[in-house]
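Novice: Chains as they are written, first to last, in the numbering used here: chain A, 24 to 385; chain B, 24 to 385.
2 protein chains.
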Amino acid sequence: MSRAETSRRGSRPGRAGIRDVAAAAGVSITTVSDALNGKGRLPDATRRHVREVADRLGYRPSAAARTLRTGKSGLIGLTVTTYGDEPFTFTEFAYFAEMARAATSAALARGYALVILPATSRHDVWSNVALDGTVVIDPSDQDPVVSELVRQGLPVVSDGRPAGSLPVTAWVDNDHEAAVLGILDHLADAGARRIGLLTGTTTDTYTHLSTTAYLRWCERVGQDPVYEAYPAHDPCAGAVAADRLLARPDRPDAVYGLFDPNGTDLLAAARRYGLRVPDDLLLVCCSESTVYAHTEPPITTLSLKPRRIGTAVVQLLIDAIEGADSDRPVEQVIPTELIVRTSSQRRPPRTTVSPPRSPEKT
Amino acid sequence: MSRAETSRRGSRPGRAGIRDVAAAAGVSITTVSDALNGKGRLPDATRRHVREVADRLGYRPSAAARTLRTGKSGLIGLTVTTYGDEPFTFTEFAYFAEMARAATSAALARGYALVILPATSRHDVWSNVALDGTVVIDPSDQDPVVSELVRQGLPVVSDGRPAGSLPVTAWVDNDHEAAVLGILDHLADAGARRIGLLTGTTTDTYTHLSTTAYLRWCERVGQDPVYEAYPAHDPCAGAVAADRLLARPDRPDAVYGLFDPNGTDLLAAARRYGLRVPDDLLLVCCSESTVYAHTEPPITTLSLKPRRIGTAVVQLLIDAIEGADSDRPVEQVIPTELIVRTSSQRRPPRTTVSPPRSPEKT
DNA sequence: TGATCATGCAGAAACGTGTCTGTCAACGCG
DNA sequence: CGCGTTGACAGACACGTTTCTGCATGATCA
Numbered sequence: 024m025s026r027a028e029t030s031r032r033g034s035r036p037g038r039a040g041i042r043d044v045a046a047a048a049g050v051s052i053t054t055v056s057d058a059l060n061g062k063g064r065l066p067d068a069t070r071r072h073v074r075e076v077a078d079r080l081g082y083r084p085s086a087a088a089r090t091l092r093t094g095k096s097g098l099i100g101l102t103v104t105t106y107g108d109e110p111f112t113f114t115e116f117a118y119f120a121e122m123a124r125a126a127t128s129a130a131l132a133r134g135y136a137l138v139i140l141p142a143t144s145r146h147d148v149w150s151n152v153a154l155d156g157t158v159v160i161d162p163s164d165q166d167p168v169v170s171e172l173v174r175q176g177l178p179v180v181s182d183g184r185p186a187g188s189l190p191v192t193a194w195v196d197n198d199h200e201a202a203v204l205g206i207l208d209h210l211a212d213a214g215a216r217r218i219g220l221l222t223g224t225t226t227d228t229y230t231h232l233s234t235t236a237y238l239r240w241c242e243r244v245g246q247d248p249v250y251e252a253y254p255a256h257d258p259c260a261g262a263v264a265a266d267r268l269l270a271r272p273d274r275p276d277a278v279y280g281l282f283d284p285n286g287t288d289l290l291a292a293a294r295r296y297g298l299r300v301p302d303d304l305l306l307v308c309c310s311e312s313t314v315y316a317h318t319e320p321p322i323t324t325l326s327l328k329p330r331r332i333g334t335a336v337v338q339l340l341i342d343a344i345e346g347a348d349s350d351r352p353v354e355q356v357i358p359t360e361l362i363v364r365t366s367s368q369r370r371p372p373r374t375t376v377s378p379p380r381s382p383e384k385t
Numbered sequence: 024m025s026r027a028e029t030s031r032r033g034s035r036p037g038r039a040g041i042r043d044v045a046a047a048a049g050v051s052i053t054t055v056s057d058a059l060n061g062k063g064r065l066p067d068a069t070r071r072h073v074r075e076v077a078d079r080l081g082y083r084p085s086a087a088a089r090t091l092r093t094g095k096s097g098l099i100g101l102t103v104t105t106y107g108d109e110p111f112t113f114t115e116f117a118y119f120a121e122m123a124r125a126a127t128s129a130a131l132a133r134g135y136a137l138v139i140l141p142a143t144s145r146h147d148v149w150s151n152v153a154l155d156g157t158v159v160i161d162p163s164d165q166d167p168v169v170s171e172l173v174r175q176g177l178p179v180v181s182d183g184r185p186a187g188s189l190p191v192t193a194w195v196d197n198d199h200e201a202a203v204l205g206i207l208d209h210l211a212d213a214g215a216r217r218i219g220l221l222t223g224t225t226t227d228t229y230t231h232l233s234t235t236a237y238l239r240w241c242e243r244v245g246q247d248p249v250y251e252a253y254p255a256h257d258p259c260a261g262a263v264a265a266d267r268l269l270a271r272p273d274r275p276d277a278v279y280g281l282f283d284p285n286g287t288d289l290l291a292a293a294r295r296y297g298l299r300v301p302d303d304l305l306l307v308c309c310s311e312s313t314v315y316a317h318t319e320p321p322i323t324t325l326s327l328k329p330r331r332i333g334t335a336v337v338q339l340l341i342d343a344i345e346g347a348d349s350d351r352p353v354e355q356v357i358p359t360e361l362i363v364r365t366s367s368q369r370r371p372p373r374t375t376v377s378p379p380r381s382p383e384k385t
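#1: Does the distance from the C-beta atom of L339 of chain B to that of A193 of chain B stay below 8 Å?
#2: Which stretch, first to last residue, makes up the beta strand (DSSP E) that contains L80 of chain A?
#3: List the residues of chain B that E319 of chain A touches, going by C-beta distances under 9 Å, in chain order.
#4: Just to confirm the assignment: which complete alpha helix (DSSP H) runs, minimum length 4, are found wholly within the region 95 to 162 of chain B?
#5: Answer yes or no: does any C-beta atom of chain A fall closer than 8 Å to that of P352 of chain B?
#6: Using a beta-carbon distance below 8 Å, is P284 of chain B in contact with chain A?
#7: Along the chain, where does the beta strand (DSSP E) that runs through L304 of chain B open and close?
#8: From B:A39, B:R295, B:S312, B:E311, pick the residue whose C-alpha is nearest to that of L304 of chain B; which is it?
#9: Going along chain A in order, which residues have a C-beta closer than 9 Å to the C-beta of L98 of chain B?
#10: Using a Cβ-Cβ cut-off of 7 Å (strictly less than) and excluding sequence neighbours within five positions of R74 of chain B, which residues of its own chain qualify?
#11: So which residues of chain B does P258 of chain A contact, with C-beta pairs closer than 7 Å?
#12: Can you grab the Cα-Cα spacing for the pair A117 of chain B / D257 of chain B, in whole Å?
#13: Go ahead and label V195 of chain A buried or exposed: buried means 16 or more other beta carbons lie within 10 angstroms of its beta carbon, across all protein chains shown.
#14: Consider the Cβ of P411 of chain A: report whether some Cβ of chain B lies at a distance smaller than 8 Å.
#15: Taking only beta-carbon positions, decide if D147 of chain A is within less than 8 Å of chain B.
#16: Mind pulling the chain B residues with CB within less than 8 Å of P84 of chain A?
#17: If the cut is a Cβ gap below 9 Å, which residues of chain B does S120 of chain A touch?
#18: Where are the beta strand (DSSP E) runs, 3 residues long or more, that stay fully inside the region 162 to 233 of chain A, in chain order?
#19: Okay, do the region 148 to 159 of chain B and the region 313 to 327 of chain B touch, 3+ Cβ pairs below 8 Å being the bar?
#20: Taking the beta strand (DSSP E) that V249 of chain B belongs to, which residues open and close that run?
#21: Among the residues of its own chain, which have a CB less than 6 Å from the CB of S366 of chain A, if the five just before and after it don't count?
#22: Output, in chain order, the set of chain B residues within a Cβ distance shorter than 9 Å of L91 of chain A.
#23: Kindly indicate which three-state DSSP category S326 of chain A falls into: helix, strand or coil?
#24: Provide the residue span of the beta strand (DSSP E) that contains A277 of chain A, from first to last.
#25: Nearest-angstrom Cα distance between S163 of chain B and P185 of chain B?
#26: Quick check on the burial criterion: 16 or more other C-beta atoms within 10 angstroms. Buried or exposed for P275 of chain A?
#27: Across which residues does DSSP place I357 of chain B in a beta bridge pair?
#28: So what does I52 of chain B bridge to, in DSSP terms?
#29: Could you tell me which of A:G245, A:A293, A:R239 sits nearest to A265 of chain A, measuring between CA atoms?
#30: Using 8 Å as the threshold, is the region 131 to 145 of chain B in touch with the region 77 to 92 of chain B, meaning 3 or more CB pairs across them?
#31: Got a sec? Which residues, its chain only, sit under 6 Å from L298 of chain A by beta carbon, not counting five neighbours each side?
#32: Give the DSSP-derived three-state secondary structure of V363 of chain A in the structure shown.
#33: Decide if C309 of chain A is buried, meaning its Cβ has at least 16 other Cβ atoms within 10 Å, or exposed.
#34: What residue range does the alpha helix (DSSP H) around D288 of chain B cover?
#35: For E242 of chain A, which three-state DSSP category applies?
#36: Does A236 of chain A have its Cβ less than 8 Å from a Cβ in chain B?
Below you can see the structure in the form of C-alpha cells.
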C-alpha cells in the first residue's frame, strides 16, 4: 500500500504509470485503460474504483506514448509564411493576434492545442513535432515545408487562397476583390474624384489581389491609378510612403490603405499638408484595431474578420483530421465588414456600421 | 530494390520507418540511428551512405517515438492566465504578440517549438501534450494548472513576478514600480501639478504593482490620488473611464494610462473637453504600438520591451530544461523604455528617446 | 443438467525509436 | 602462433500506452 511503489523498473518517482495504477487498484492494465477512457464494458463499480485510485496517485497518461500508439497527437500547427527574417510580418500583428486567439479557442474547444511554427524554419523543428494537421496563413507555393506536409498526407488548411497549384485540403479567405471594389465605390459615392492606394511591395496574395482589383477598378471608371508601394514589414516605410502619396502632383482626394498602420500615417501626413479629413481627403484603411474609433476624426476601417477566419480554419482542419464528412464546404469565403466612420463621409454619418456588399443586416 | 518496400508489417505506405532505411541501406537499425544522430563510431563512408538512403526514401523519424524514448519533446508551453472567457486579454494584444514573436524566434533558434495553452483550459488538453517546460505570462497563484506543472517537476519560467509563493524555476519582469515612479517624476518635471491614473480592476501583478506605486508616490509628494479603474478586457470601458477621469471636478493636468488603448482614448476625451495636449493636459501611456508616433500630437509611451522579455524567458527555460548550469540569473529585471514625445513636454522636445532611470545611453 | 452465451477481465502484441550488450573479424604484440 | 584489444556492426530491450484476442465465470435455456 506504499504510495511510492512503482513498476518493477525504477521509473521516475514523480510520475505514476498505468502499471502502478493497475497494481494499486488490483486490476489489470487493460481494465485501467478501459476504465479511464470509457471504452470497454466494465461495471460502474470497477470504473469508479479505478478512477479513484488513478486520481489518488496523480496519474497522468503519457502524451508521447498515447501519440505513438494512436497516431494522433492533438496538435495543430499554426504557420505563417515569412518574408523577412522575422517569424511574422509586423503589419499582420493585429490580424494575426486576433486570428490566433480565435483559432486557439476553437481548437481548445475540440481538444486540440496549437503549435506556432514559422514556415521558414529549421527542418528539424518541423520533423520533431508530431502534428495532426496544419493551418497555414497566406501560403506561398514556394514554401517547401507546406508542400512537404501536403505530400506526407497531413491535412493542411490555409487562410487565404493557396497560391499556384498548392493542393491544400481546404481554405478560407475573404473576397478581397469585392472588398476593395466596395470601398472604392463607397469613396466614389462620398464624392471622391481621384482615389489613391497605399499598398505593399510583397508578393502575398492579399496585396496582389487587392492591388489588381484597384487597377481594374481604375481602368473601368477611367481614372489614372495613383498609388505608392512600400515594404509592409517596415513601419517607418509606411509613414514615408503615406507622405509621398500626398505629396504627388496628382494628389488623390481619397486614399485606401491596405495595412493596419496606414490610417494614422495618412492622418499625420494629411495634417502636415494642411488637408482636412474628410473635407479635403477621404480616408479608409484595413485594420482590426479599435484605435480608429477614437482618432480625430474617426477613420473608416475594413475588417477582415480574423476571428471568424481563425475559427473556420480550425473547424475545417479538425473535420479533416477526424475524417468527419462534415457538410462544411472546403472553400469558405468570409464576408468583410466596412466600419464606416467620419473619415470617409462628406456628410454627417447616417449609419455607423454597414456591410460592404449585402444591404441586409448580418 | 522496389521503393515501395516497407517493413514486414503493412505500415503506412507514405511513411518510411527506420527499419525500411536499414533494409534499403543493407545495415542494421542501430547503424541507421547512429549514422543520422552522429552518435556511434562509424566510418564516414557508412554514415554518408545511410544518410543518402534516408534522404532518398524521404525518411522522417517519428516525433512521438523519439519523445517516448528520450523523454524530451522539444515543445514549450506558452501560457496566458485568463480573466474572462477569452484566451488572452484584449489589452495585452500588442504586448502578447510582440512577446510571443520574440519567444517563438528564440525557441526556434534552439530547436524548440511553442504551444499556445491558456492556463484556464480543459485539463485533458494539458495532459495530452508532452511539454518539456512552460512559459507562464503573469501567473496567478490561483492557477491550478501552473501549480500542478511545478509539482510535476517541469521547469516553469514566468513573465512577471510570480504571485504568492508560486515556486517557479525562474522569472523575468520589468521593474514596474520604478517605471511608474519615473513617469510620475517625468510628468512632474514637465510641470504637472495633479497627475491622474487610468488603471484596471483586474488583480494581476502588473496592475497591482503599478497602482500601488502610484498611490505611494502620491502620498510621498502630498497629492490626492486621482484615478479611474475599469475592466481592462473591455475596450469600450476604457474610453468611458478616460472620459470619466477628465470629467471629474478635481480634473488632473496630467494622466498616465496603464493600458495600450488609453492613449487614443484619453486624446479623444481631451478633445471633447477642449483640452489641448500637452498645454492643458500631459499624456503618457504604456503601449508597444507605433501609432502613438503619428497621432496629433505624438504621445509619450512606456515600452515594457516585450521582445527582450520573450527572449529572456525562453532562454532561461531552455537552460533549465537542458540542465545547463547557465550563468544567467534566475530572476531577471528588464529595463523599461520611456519614449518621450510631444504629449508629455510643455517645451519643444530636446531628446526624442530617453530611458527612465539611467541617464547614460543604453 | 450440459451446452450457449454474455460478461468481466487478463495477457500480450504492437506503435517506432534510442541505446545497451554482444559478436565477429582484423590486428598488434610477446 | 595465441591472446587481448579495438573497430564495426547486429540483436534485443525498453519507453507507456492502446487494443486485439482469449480465458474464465456465472446465467440462461433446451
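The C-beta atom is built at its ideal place from N, Cα and C for all residues, glycine as well. Bear in mind the structure is a predicted one, so any value in this text is a computation, not a measurement.
Specialist: Inspection of the coordinates gives the following:
#1: yes
#2: First-last for L80 of chain A: 67 to 80, but that is the alpha helix (DSSP H), not the beta strand (DSSP E).
#3: Residues of chain B with a Cβ closer than 9 Å to the Cβ of E319 of chain A are, in chain order, L290, A291, R294, T318, E319.
#4: 116 to 132, 146 to 151
#5: Chain A, which has no Cβ nearer than 8 Å to the Cβ of P352 of chain B, makes this no.
#6: Taking CB atoms only, P284 of chain B has a neighbour in chain A less than 8 Å away.
#7: Taken as a continuous stretch (DSSP letters only), L304 of chain B belongs to no beta strand (DSSP E), as it is neither H nor E.
#8: B:R295
#9: L98, V138, N151, V152
#10: Close CB contacts of R74 of chain B within its chain, under the 7 Å cut and outside five residues either way in sequence, are with A58, L59 (chain order).
#11: Going along chain B in sequence order, the residues near P258 of chain A (Cβ under 7 Å) are T313.
#12: 15 Å
#13: buried
#14: Residue coverage of chain A in this structure runs from 24 to 385, which leaves residue 411 of chain A outside it and unanswerable.
#15: yes
#16: Taking a Cβ-Cβ cut-off of 8 Å, the neighbours of P84 of chain A in chain B comprise S150, given in sequence order.
#17: One detail in the question is off: residue 120 of chain A reads as Ala in this sequence, not Ser. For A120 of chain A, the chain B residues whose Cβ falls inside 9 Å of its Cβ are F111, F116, A117, F119, A120, A123, in order along the chain.
#18: 179 to 182, 193 to 197, 218 to 223
#19: Judged by pairs of C-beta atoms under 8 Å, the region 148 to 159 of chain B does not touch the region 313 to 327 of chain B, as fewer than three such pairs exist.
#20: 249 to 253
#21: V300, P301, L306, P320, I322, T323
#22: S85, A87, A88, T90, L91
#23: strand
#24: 277 to 280
#25: Near 7 Å, if we compare the C-alpha coordinates of P185 of chain B and S163 of chain B.
#26: buried
#27: B:N197
#28: I52 of chain B is not bridged to any residue.
#29: A:A293
#30: no
#31: L304
#32: Assigned with DSSP and collapsed to three states, V363 of chain A falls in coil, not helix or strand.
#33: buried
#34: 285 to 295
#35: helix
#36: Nearest CB-CB separation between A236 of chain A and chain B: not below the 8 Å threshold.
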